[in-house]
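So in our numbering, the last spot in the sequence shown is 1495, and the numbers never skip. Reviewing the structure listed below.
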Amino acid sequence: MKVLVTGGAGYIGAACVEQLCEAGHTVTVLDNLREGHRSAVDPRARFVRLCLSEREAVLRVVRESGAQAIVHFAALALVGESMTDPSRYFRNNVAYGLNLLDAAVAAGVRKLIFSSTCATYGQPERLPITEDLPQRPINPYGESKLMFERLLGWYERLHGLEFVAFRYFNAAGATERCGEDHRVETHLIPNVLKVALGRAAQCEIYGTDYPTPDGTCIRDYIHISDLADAHIRALAPGARGFFNLGNGAGYSVREVVRMCEEVSGVRIPVVERPRRPGDPPRLVASAEKAMRELGWRPRFPGLREIVASAWAWHRAHPDGYAD
Ligand code: UDP
């Protein structure tokens, strides 16, 4: 199948492009390289450097790609940053995304697969989170993704553009080629592993007074290969709707730090900081719907193997993609 992947040079996008190429699909990657890395893109894919803000060019590239499906990863995805610059989040994730939707309709693309987030749920009233729980985001990042989910609903109803929206929990881990390398790293696991690598003196814990057993936030970490696998399943005819993607197991920030110590064999000093605005205390997925309807099963469900894969990548690429 011909597939166009936006954000295909990014952390999760590049892992998905790799699997798509592996499965024999013809892939065009569209990425502005603001966060992504050219060398992360599988050499079998065609690469176009383009920002979704460039409406006419997006319309042209989507049409020329002949894509039957679009996988849309390109977005800003930092909770903290969204709290200080909401305008940037709504512009990039909603307004620019609209250019892609219009291009998909104009080019007769059949299906769009969207990277949504558990941040659309806000502070859920119960755990694990199922897809039918109310969506009440508590940060502009989650709100921007929810707005795009709603646009998808209208575009399907009015233009017949089918969609699958995956609500990722915390993407983590690495493949042999693809790992996490953000220009400014804010994510927990790479920041903790940076200390293990000797590239930082200590890691920070944002908030130790949450209503959780050890006072730190609980998240559900899911391997990028398992996320990528779900996207490939979503290309199948009949796959439609909203799906959580997580392992159904929650780990606190302190437990993640401990696991990084165990995997690396390095003691990691921590400093306790105040809460980071916009962070909900606990997010744990029920991904039963994806298992039931898509036949999806995580192949790397344990935190240890997820952290070990990230550690292997960071040790092999201490300077990231170095581009
Ligand atoms: N966190 C932390 N120190 C860091 C980075 C993150 O304590 O250096 C916490 C953060 O406050 C959140 C959890 O770790 O509770 C996961 O944060 P991350 O940014 O990795 O992902 P998010 O859940 O925001 O998508």
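From the three backbone atoms N, C-alpha and C, an ideal C-beta is built for every residue, glycine too.
{"Asked": "Contacts around ASP1495, its chain only, beta-carbon distance under 8 Å, and the 5 residues preceding and following it disregarded", "Found": "HIS1209, ARG1210 and SER1211"}
{"Asked": "DSSP state of ILE1184 mapped onto helix, strand, coil", "Found": "helix"}
{"Asked": "Cα-Cα separation, GLY1238 to ALA1229", "Found": "15 Å"}
{"Asked": "Residue nearest to GLN1374 in terms of C-alpha spacing, selected from GLY1325, ASN1363, TYR1382 and ASP1491", "Found": "ASN1363"}
{"Asked": "Local Cβ density within 10 Å of GLU1190, reported as buried at 16 or more and exposed below that", "Found": "buried"}
{"Asked": "Short Cβ contact (8 Å threshold) for LEU1202 with VAL1233", "Found": "yes"}
{"Asked": "Cβ shell of ARG1426 (< 6 Å), same chain only, five flanking positions each side left out", "Found": "ASP1386 and THR1388"}
{"Asked": "Status (buried if at least 16 other CB within 10 Å, exposed otherwise) for ALA1195", "Found": "exposed"}
{"Asked": "C-alpha gap between VAL1438 and ASN1204, whole angstroms", "Found": "37 Å"}
{"Asked": "Reduced DSSP category for ARG1445 - H, G, I as helix; E, B as strand; rest coil", "Found": "strand"}
{"Asked": "Any non-hydrogen atom of the ligand UDP within 7 Å of ILE1377 CB", "Found": "yes"}
{"Asked": "Three or more C-beta pairs below 8 Å linking the segment 1278–1288 and the segment 1314–1334", "Found": "yes"}
{"Asked": "Alpha carbon of GLY1467 to alpha carbon of ALA1411, nearest angstrom", "Found": "10 Å"}
{"Asked": "Cβ-heavy atom distance, ASP1451 to the ligand UDP, below 7 Å", "Found": "yes"}
{"Asked": "Contact set for ILE1404: own chain, Cβ-Cβ below 7 Å, skip 5 residues either direction", "Found": "GLN1191, LEU1192 and ALA1195"}
{"Asked": "For GLY1413, the residue or residues it bridges with in DSSP", "Found": "VAL1336"}
{"Asked": "Residue nearest to ALA1421 in terms of C-alpha spacing, selected from ARG1349, SER1458, ILE1184 and ASP1398", "Found": "SER1458"}
{"Asked": "Closer than 7 Å: HIS1395 CB and nearest the ligand PLP heavy atom", "Found": "With respect to small molecules bound, the structure shown includes the ligand UDP and not the ligand PLP."}
{"Asked": "CB-CB length for ALA1343 against LEU1399, believed under 8 Å", "Found": "6 Å"}
{"Asked": "Integer-rounded CB distance, given that PHE1245 should sit under 8 Å from ILE1310", "Found": "Contact flag wrong, Cβ pair sits at about 23 Å."}
{"Asked": "Any non-hydrogen atom of the ligand UDP within 7 Å of THR1198 CB", "Found": "no"}
{"Asked": "Coil, strand or helix - GLU1477 by DSSP", "Found": "helix"}
{"Asked": "Limits of the alpha helix (DSSP H) - the one that GLU1315 falls within", "Found": "1312–1331"}
{"Asked": "TYR1313 versus PHE1320 - alpha carbon distance", "Found": "11 Å"}
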